[in-house]
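Structure first, then comments.
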Amino acid sequence: MSRNNDALDSYSLGWARGDSSIIYKIADDSYTFSGLPNMEPVDKLNFKMFWVNFRSNVEDGGGPKATSSEFMKFKNVIRREVGDALVESGQWEVPGFAAGLYISMARDGRVMWEEATM
Numbered sequence: 457m458s459r460n461n462d463a464l465d466s467y468s469l470g471w472a473r474g475d476s477s478i479i480y481k482i483a484d485d486s487y488t489f490s491g492l493p494n495m496e497p498v499d500k501l502n503f504k505m506f507w508v509n510f511r512s513n514v515e516d517g518g519g520p521k522a523t524s525s526e527f528m529k530f531k532n533v534i535r536r537e538v539g540d541a542l543v544e545s546g547q548w549e550v551p552g553f554a555a556g557l558y559i560s561m562a563r564d565g566r567v568m569w570e571e572a573t574m
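Here it is as structure tokens:
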């Protein structure tokens with residue numbers, strides 16, 4: 457399971473720094489991100505375009521500037537093995553913008569999906 461731990465560590469680091477290249481690199485080809493209000497699920501192919509718009513909307517909404525490397529904070533994180541996968545859940549916060557809950561899953565050293573609420 458250490459590959460899955462490493463994958464989720466890298467994935468969280470990408471969100472914390474606001475660096476989509478870290479997220480993209482560890483995401484599986486079948487990756488999806490979903491759950492935010494008024495948002496269709498985003499697949500890996502469309503993630504980079506989503507990210508540009510997301511960071512811009514966050515900045516416009518009072519959150520960190522799109523160029524900031526301090527983007528998201530996490531707390532109350534729980535990881536649990538489920539079969540051959542590792543599931544993580546916790547609370548996320550983008551200071552000055554929004555906060556909510558998330559759940560994500562890694563298998564074979566790749567992040568498969570994340571669902572977030574706010």
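Note that our numbering has the sequence shown beginning at 457, numbered continuously upward.
The beta carbon of each residue, even a glycine, is placed where N, CA and C say it ideally should be.
Nearest to Asp499 by C-alpha distance, out of Trp569, Thr573, Met574, is Trp569. Shown here for Ile482: same chain residues with a beta carbon closer than 6 Å to its own, the five before and five after excluded, namely Ala463, Ser466, Tyr467, Val567 in chain order. Remark: C-beta atoms of Met528 and Val508 do not approach each other more closely than 8 Å.
About 7 Å separates the beta carbon of Asp564 from that of Arg459, a gap short enough to meet the 8 Å contact definition. Ser476 is not a Cβ neighbour of Glu571, given a cutoff of 8 Å. With respect to the C-alpha of Met457, the residue from Asn513, Ile479, Leu542, Gly474 having the closest C-alpha is Leu542. Look at Phe527 here: in three-state DSSP terms it is coil, with no helix or strand label. Under a 10 Å Cβ-count criterion, Gly517 is classified as exposed, with fewer than 16 other Cβ atoms of the shown protein chains found around its own Cβ. Contact between Lys531 and Gly552 fails: their C-beta atoms lie close to 16 Å from each other, not under 8 Å. Around the beta-carbon of Ser486, fewer than 16 other beta-carbon atoms lie within 10 Å, marking it exposed. In the structure shown, the three-state DSSP call for Phe510 is helix.
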